[in-house]
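Protein chains in written order, with my numbering: chain A, 7 to 240; chain B, 7 to 240. Just so it is clear, CB atoms sit at the ideal spot from N, CA and C, and this is done for glycine as well. All of these numbers come straight from a predicted model, not from anything done at the bench. Data first, discussion second: the structure below is written as structure tokens.
Number of protein chains: 2
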Amino acid sequence: MSSSCSRCCDEKCASKVPIFFGLSQEDLKRVVSLIVRKEYEKDEILVLKGSNLEGLIIVSKGRVKAFRDTLEGREQILYIFSEGDFFGEKNLLQNRDVTYTVQALEKTHICMIKKVDFHQLFRTNPDIGLKVLQELCNRLYHLENALESIGSRSVEARINSVLLDFAHKFGQTHPQGIMIELPLSREGIANYIGLTRETVSRKMSLLQEEGIIKMVGHKKVIILNKEALDQPVI
Amino acid sequence: MSSSCSRCCDEKCASKVPIFFGLSQEDLKRVVSLIVRKEYEKDEILVLKGSNLEGLIIVSKGRVKAFRDTLEGREQILYIFSEGDFFGEKNLLQNRDVTYTVQALEKTHICMIKKVDFHQLFRTNPDIGLKVLQELCNRLYHLENALESIGSRSVEARINSVLLDFAHKFGQTHPQGIMIELPLSREGIANYIGLTRETVSRKMSLLQEEGIIKMVGHKKVIILNKEALDQPVI
DNA sequence: CGTTCGATTGATGTCAGTCAACCCGAGTGG
DNA sequence: CCACTCGGGTTGACTGACATCAATCGAACG
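This is the structure:
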């Protein structure tokens with residue numbers, strides 16, 4: 007837990023996280039000393055909806071999904087958190103229970119800062135509060151966009167927007183366009199945008215036929231024509 | 007603008023707003039001195055998507071809707087803000103343009119605090135930052151719920167959840183149940199939950215036939231059986 | 001090479017959207 | 001006080017797109 011390697015990882019973790027950008031060396035060291043690390047295997051549950059979380063959790067490696075079970079029995083995926091993202095902020099300030107279940111999509115490392123420690127940090131470094139505020143604004147922005155595109159009745163628009171979203175978050179430049187390592191299965195994508203896996207499958211096949219994307223196996227996609235995805239679909 | 011009446015209204019305004027709860031008398035007075043008031047008639051636009059907003063806007067009387075125009079030409083309503091709610095926070099901290107258009111649903115009074123003034127206030131009263139943080143968490147919570155219910159394919163679930171939402175925000179106790187003064191027309195409700203006005207109409211008629219709600223004119227609804235709306239709908 | 005689980009494809013049914021007609025209540029003017 | 005008008009709300013018939021069910025495929029792993 008406190009070997010020199012994990013410590014170095016901690017520092018890397020802390021410095022990767024936007025909310026700690028701009029901290030002095032000493033402050034950063036203090037943050038690192040407060041961090042508790044943990045690892046999760048694929049499919050492991052990090053937190054369960056309705057449980058009480060003892061702190062703020064920052065993803066330092068890997069990807070997780072945050073979702074709720076709908077009344078119909080589906081999962082509604084709300085967020086995909088990856089390197090540098092954090093969650094658990096609602097519990098930090100208010101004494102709310104977690105409002106979603108978080109599950110690892112792959113092997114994942116996290117850092118946790120306990121509630122009391124964060125409060126302490128917050129008091130001595132008001133800038134961190136500002137950073138958190140900004141990050142929450144970003145998340146609001148993300149959700150507003152998601153709501154707009156899901157509220158949109160056009161299924162194509164939803165698919166396009168989720169592909170662009172993934173390209174933005176996980177895309178790598180590639181000779182033919184943008185290569186995405188998909189964080190979710192077809193079913194996962196379906197649960198993200200409120201469709202069935204079959205429909206997602208069909209629509210993605212269509213996009214491939216049209217030469218807009220190219221599937222590489224099932225877990226990778228190359229976006230060949232990004233502009234086409236941005237076009238308004240009626 | 008600074009007659010004794012409007013001043014008294016200002017104080018009422020400031021004290022009604024959760025983010026100013028817990029301020030000392032002097033601080034409250036300072037806030038009041040910074041407030042600029044404005045009034046809007048029904049249907050007037052308060053801010054236009056993409057424009058730049060000079061400050062934080064607090065609704066002190068009336069109701070407004072925040073929406074975006076979708077690619078399909080529909081409005082996607084994101085929020086209904088009423089007494090005590092604020093918006094414009096994204097512009098306050100980051101230099102983002104407004105991400106939605108805000109329009110008055112009825113005659114509305116607002117208070118505005120300029121960006122610089124707010125920053126000043128923020129520096130001398132860090133607690134306000136915490137309050138804003140909490141409020142943003144609430145809004146995240148609201149959007150997550152909205153996403154869950156819109157993402158849900160069940161149309162009934164969407165209608166039920168918007169009715170419960172309105173009951174929570176605008177409901178008055180009534181001998182027969184909860185009376186709601188609807189902030190939106192059928193079309194508005196449809197735009198809120200991603201349906202058509204006809205479907206909203208049909209489903210609400212159904213709910214009335216089942217004895218779960220009762221419509222009073224077109225603008226009021228009494229919820230007779232709140233529990234039924236909470237039931238999982240397949 | 002075989003097994004397994006996810007992805008795809010096909011056939012069918014259902015339900016919300018669309019278009020169109022009609023209703024109703026509020027406001028207006030005779 | 002009633003007739004008229006107008007805009008939102010309701011209702012009906014039809015259509016089409018997505019869900020559903022079922023069969024098949026195929027990639028990834030041992």
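With 16 as the cutoff for other CB atoms within 10 Å, does Phe87(A) come out buried or exposed? Walking along the first sequence from the start, residue 87(A) turns up at place 81. Buried, because 16 or more other Cβ atoms sit within 10 Å of the Cβ of Phe87(A).
Using 7 Å as the threshold, is the C-beta distance between Thr107(B) and Leu54(B) below it? Residue 107(B) sits at position 101 when you count from the first residue of the second sequence. Residue 54(B) sits at position 48 when you count from the first residue of the second sequence. Their beta carbons are under 7 Å apart, which means Thr107(B) touches Leu54(B) by this criterion.
If we ignore side chains and look at the alpha-carbon of each, how far apart do Thr179(B) and Ser155(B) end up? The residue given as residue 179(B) occupies position 173 in the second sequence. The residue given as residue 155(B) occupies position 149 in the second sequence. The straight-line gap separating the alpha-carbon atoms of Thr179(B) and Ser155(B) is approximately 25 Å.
Could you please tell me which residues of the stretch 91–102 of chain A, in chain order, have their CB closer than 8 Å to any CB of chain B? Those residues of the stretch 91–102 of chain A that come within reach of chain B (Cβ to Cβ, closer than 8 Å) are Glu95, Lys96, Leu99, Gln100 and Arg102.
Around the C-beta of Asp171(B), are 16 or more other C-beta atoms found within 10 angstroms, so that it is buried, or is it exposed? Here residue 171(B) corresponds to residue number 165 of the second sequence, with the count starting at 1. So Asp171(B) counts as buried.
Tell me which residues share the same chain as Val138(A) and place their Cβ nearer than 6 Å to its Cβ, disregarding the 5 neighbours each side in the sequence. As a working mapping, residue 138(A) is identified with position 132 in the first sequence. Closer than 6 Å at the Cβ level, and outside the excluded window around Val138(A), lie Ile25.
Neighbouring residues, chain B, relative to Pro132(A) (Cβ below 8 Å): Residue numbering aside, residue 132(A) sits at position 126 when the first sequence is read from its first letter. Neighbours of Pro132(A) on chain B, chain order: Pro132 and Gly135.
Relative to the C-alpha of Ile63(B), which candidate in Asp49(B), Thr76(B), Glu50(B) and Ile119(B) has its C-alpha closest? The sequence position of residue 63(B) within the second sequence is 57, counting from 1. Ile63(B) has its Cα closest to that of Ile119(B), out of Asp49(B), Thr76(B), Glu50(B) and Ile119(B).
Can you tell me where the alpha helix (DSSP H) holding Ile41(A) begins and where it ends? Translated into the one-based positions of the first sequence, residue 41(A) becomes position 35. Here Ile41(A) belongs to no alpha helix (DSSP H), and DSSP marks it neither H nor E.
So does Val23(A) have its beta carbon nearer than 6 Å to some heavy atom of the ligand ADP? With respect to the ligand ADP, the structure shown offers nothing to examine, as it has no ligands at all.
If we call anything under 7 Å between Cβ atoms a contact, is Leu149(B) one with Leu149(A)? Counting from one through the second sequence, the residue named residue 149(B) turns up at place 143. Counting from one through the first sequence, the residue named residue 149(A) turns up at place 143. Yes, they are a contact pair.
My guess is that Lys121(A) and Met185(A) are in contact by the Cβ rule of under 8 Å, so how many angstroms apart are they, rounded? Here residue 121(A) refers to the residue found at position 115 of the first sequence. Here residue 185(A) refers to the residue found at position 179 of the first sequence. About 39 Å separates the beta carbon of Lys121(A) from that of Met185(A), a gap too long to meet the 8 Å contact definition.
Roughly how many angstroms lie between the CA atoms of Ser39(B) and Ala110(B), to the nearest whole one? Mapped onto the second sequence, residue 39(B) falls at position 33. Mapped onto the second sequence, residue 110(B) falls at position 104. Ser39(B) and Ala110(B) have their C-alpha atoms spaced approximately 25 Å apart.
Nonlocal neighbours in the same chain, by C-beta distance under 6 Å from Gly94(B), ignoring five residues either side: In the second sequence, counting from the first residue as 1, residue 94(B) sits at position 88. The residues are Leu59, Leu62 and Ile63.
Neighbourhood of Thr205(B) by C-beta distance below 8 Å, restricted to the same chain and skipping five residues each side: If you number the second sequence from 1, residue 205(B) lands on position 199. Closer than 8 Å at the Cβ level, and outside the excluded window around Thr205(B), lie Val161 and Ala196.
Buried or exposed, going by whether 16 or more other CB atoms sit within 10 Å of the CB of Asn97(B)? As a first step, residue 97(B) is located in the second sequence; it is residue number 91 there, counting from the start. With at least 16 other beta carbons inside 10 angstroms of its own, Asn97(B) counts as buried.
Could you spell out the range, first to last residue, of the beta strand (DSSP E) harbouring Arg69(A)? Here the question's residue 69(A) lines up with position 63 in the first sequence. The continuous beta strand (DSSP E) containing Arg69(A) extends over residues Arg69 to Asp75.
Using a beta-carbon distance cut-off of less than 7 Å, what residues from the stretch 138–166 of chain A approach chain B? Result list: Val138, Leu139, Gln140, Leu142, Cys143, Arg145, Leu146, Tyr147, Leu149, Glu150, Ala152, Leu153, Glu154, Ile156, Gly157, Ser158, Arg159, Ser160 and Ala163.
Host alpha helix (DSSP H) of His224(B) (start-end): Residue mapping note: residue 224(B) aligns to position 218 of the second sequence, counting from 1. For His224(B), there is no enclosing alpha helix (DSSP H), as DSSP gives it neither H nor E.
Whole angstroms is fine: what's the gap from Gln256(B)'s alpha carbon to Ile165(A)'s? Given a span of 7 to 240 for chain B in the structure shown, any question on residue 256(B) remains unanswerable.
Anyone know if the C-beta pair for Glu215(A) and Arg203(A) falls short of 7 Å? Taking the first residue of the first sequence as position 1, residue 215(A) is located at position 209. Taking the first residue of the first sequence as position 1, residue 203(A) is located at position 197. No, these two residues do not count as a Cβ contact at 7 Å.
Starting from Ile295(A), follow the alpha helix (DSSP H) in both directions and report where the run begins and ends. Since the first and last residues shown for chain A are 7 and 240, residue 295(A) lies out of range.
Is the CB of Arg74(A) under 7 Å away from at least one CB in chain B? Here residue 74(A) refers to the residue found at position 68 of the first sequence. Judged by the 7 Å Cβ criterion, Arg74(A) is in contact with chain B.
With 16 other CB atoms within 10 Å as the buried threshold, where does Leu212(B) fall? Indexing the second sequence from 1 puts residue 212(B) at position 206. When all chains shown are included, Leu212(B) counts as exposed.
Taking the alpha carbon of Gly200(B) as the reference point, which residue from Gln31(B), Glu81(B) and Tyr46(B) has its own alpha carbon closest? Position 194 of the second sequence holds residue 200(B). When only C-alpha atoms are compared, the closest one is Glu81(B).
For chain A, check one thing: does any of its Cβ atoms lie closer than 7 Å to the Cβ of Gly68(B)? What you label residue 68(B) is simply residue 62 of the second sequence in a count that begins at 1. So no, Gly68(B) is outside the interface.
Using CA atoms only, rank isn't needed, just tell me which of Ser21(A), Phe124(A), Asp91(A) and Glu112(A) is closest to Glu47(A). Residue numbering aside, residue 47(A) sits at position 41 when the first sequence is read from its first letter. It is Glu112(A).
Please classify Val161(A): does DSSP put it in a helix, a strand, or coil? Residue mapping note: residue 161(A) aligns to position 155 of the first sequence, counting from 1. Helix.
Can you find a C-beta in chain A that's less than 7 Å from the C-beta of Ser8(B)? Working through the second sequence from its first residue, we reach residue 8(B) at position 2. Bear in mind that the predicted position of Ser8(B) carries a pLDDT of just 41, short of 50, making it too unreliable to give a figure here.
Beta-carbon within less than 7 Å of Pro134(A)'s beta-carbon, same chain only, minus the 5 sequence neighbours each way: which residues are those? Here residue 134(A) refers to the residue found at position 128 of the first sequence. Checking the displayed sequence, the identity of residue 134(A) turns out to be Ile instead of Pro. By the criterion of a C-beta distance shorter than 7 Å, Ile134(A) is surrounded in its chain by Ile25, Leu127 and Phe128, once the five residues flanking it on both sides are discounted.
Nearest to Ser191(B) by CA position, among Gly223(B), Leu52(B), Asp33(B) and Leu142(B), is which residue? By 1-based counting over the second sequence, the position of residue 191(B) is 185. Considering only alpha carbons, the answer is Gly223(B).
Bridge partners for Glu187(A) per DSSP, in chain order? Taking the first sequence and counting its residues from 1, the one referred to as residue 187(A) is at position 181. Among the bridge pairs identified by DSSP, Glu187(A) is matched with Lys226(A).
Amino acids of chain A, ordered along the chain, whose beta-carbon sits closer than 8 Å to that of Thr205(B): The residue you call residue 205(B) lines up with position 199 of the second sequence. Within 8 Å Cβ-Cβ: nothing; Thr205(B) doesn't reach chain A, min ~11 Å.
Whole-Å CB distance - Thr114(A) paired with Arg43(A), under 8 Å assumed: Here residue 114(A) refers to the residue found at position 108 when the first sequence is read from its first residue. Here residue 43(A) refers to the residue found at position 37 when the first sequence is read from its first residue. Not confirmed; about 11 Å, so no contact.
Span separating the alpha-carbon of Leu136(A) from that of Leu99(B): Mapped onto the first sequence, residue 136(A) falls at position 130. Mapped onto the second sequence, residue 99(B) falls at position 93. Their backbone Cα atoms lie some 8 Å apart in a straight line.
Neighbourhood of Lys22(B) by C-beta, 8 Å cutoff - its chain only, sequence neighbours within 5 removed: Here the question's residue 22(B) lines up with position 16 in the second sequence. In chain order, Ser66, Glu89 and Gly90 place their CB closer than 8 Å to the CB of Lys22(B), counting only its own chain and leaving out the 5 sequence neighbours on each side.
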